[in-house]
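S.K.: Structure below; questions to follow.
Residue numbers (my numbering): 15 to 207.
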């Protein structure tokens, strides 16, 4: 790969790599460092990379660098949630304050704007808790699918998994999240009767 090809790939994929890093590490400065390191690694391995697989390779390297950074940081995040964060588009913004004092935000699509504010707050807390209990690669897969809106094929390439493995992990992740909510709903039903 020559310099002009590398620069073209950098221009084409820089935003996607940065957004992925920003989403995973929740810190602009760390995301910039990770994105830069991702492209440094691309340059160092430029002779071994197949151009048609660059996007998935970049996202996989970026994800691995993010996981390494998160492991080093070992930040326990506590969600601060209010129902007032529901916007008029039916989206919910979740602000997270970490042990390091940095505020981060996450936007979750359409959890149901018809719910009462207190029920909505509890649902958001439950979702954050359920997501936190997922193990890798389930957590990454559900985030890539539901938040980043990647296709099954893109997720498989990014995480270096088979297509069937992605579908199985996603199914299990959704099932665990659903079970967390159903347990609460069953408790509420029993308390109401």
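Note that beta-carbon positions come from the ideal geometry of N, C-alpha and C, so glycine has one too.
Does residue 27 pass the burial test, meaning 16 or more other C-beta atoms within 10 Å, or should it be called exposed?
M.R.: Classification for residue 27: buried.
S.K.: Can you check which of these residues, 147, 172 and 80, is closest to residue 155 by C-alpha distance?
M.R.: If we check each option's Cα against that of residue 155, 172 comes out closest.
S.K.: Sorted by chain position, which residues of the same chain lie with C-beta nearer than 8 Å to residue 30's C-beta, five sequence neighbours on each side aside?
M.R.: Taken in chain order, the residues that qualify are 69, 72 and 73.
S.K.: Whole-angstrom Cβ separation of residue 37 and residue 161, contact assumed at under 8 Å?
M.R.: Their Cβ separation, rounded to whole angstroms, is 7 Å, which keeps residue 37 and residue 161 in contact under 8 Å.
S.K.: With distances taken between CB atoms, is the gap from residue 35 to residue 49 smaller than 7 Å?
M.R.: Yes, Cβ-Cβ distance for residue 35 and residue 49 is below 7 Å.
S.K.: Please report the residue range of the alpha helix (DSSP H) in which residue 21 lies.
M.R.: Element bounds for residue 21: 17-39.
S.K.: If you check the beta carbons only, do residue 140 and residue 194 fall under 7 Å apart?
M.R.: Cβ atoms of residue 140 and residue 194: closer than 7 Å.
S.K.: Return the first residue and the last residue of the alpha helix (DSSP H) that residue 51 is part of.
M.R.: Segment 42-58, the alpha helix (DSSP H) holding residue 51.
S.K.: Would you mind working out which of 82, 169 and 19 sits nearest residue 60, comparing C-alpha positions?
M.R.: When each option's Cα is compared against that of residue 60, the closest is 19.
S.K.: Tell me which same chain residues have a C-beta within less than 7 Å of the C-beta of residue 166, skipping the five on either side of it?
M.R.: Once the five neighbours on either side are set aside, the close Cβ partners of residue 166 are 177, 180 and 181.
S.K.: So for residue 63, helix, strand or coil by DSSP?
M.R.: Of the three classes helix, strand and coil, the one that applies to residue 63 here is coil, per DSSP.
S.K.: Under three-state DSSP, which class holds residue 82?
M.R.: Correct three-state label for residue 82: helix.
S.K.: Would you give the residue range spanned by the alpha helix (DSSP H) that residue 173 belongs to?
M.R.: It spans 166-173 - the alpha helix (DSSP H) in which residue 173 sits, taken as one unbroken run.
S.K.: Please return the same chain residues whose Cβ sits closer than 7 Å to the Cβ of residue 83, not counting the five positions on each side in sequence.
M.R.: The residues are 39, 44 and 48.
S.K.: Counting along the chain, where does the alpha helix (DSSP H) carrying residue 148 start and finish?
M.R.: Careful: residue 148 lies outside any alpha helix (DSSP H) and carries neither H nor E.
S.K.: Who are the Cβ neighbours of residue 151 in its own chain at under 8 Å, not counting the five residues just before and after it?
M.R.: Counting only Cβ-Cβ distances below 8 Å, and skipping sequence neighbours, we find 173, 175 and 183.
S.K.: Starting from the C-beta of residue 15, find all residues in its chain whose C-beta is less than 6 Å away, skip the five residues before and the five after it, and write them out in chain order.
M.R.: Closer than 6 Å at Cβ, skipping near neighbours: 60.
S.K.: Just to check my reading of the structure: residue 46 and residue 79 have Cβ atoms closer than 8 Å, yes? What is that Cβ distance to the nearest angstrom?
M.R.: That pair is no contact at about 12 Å.
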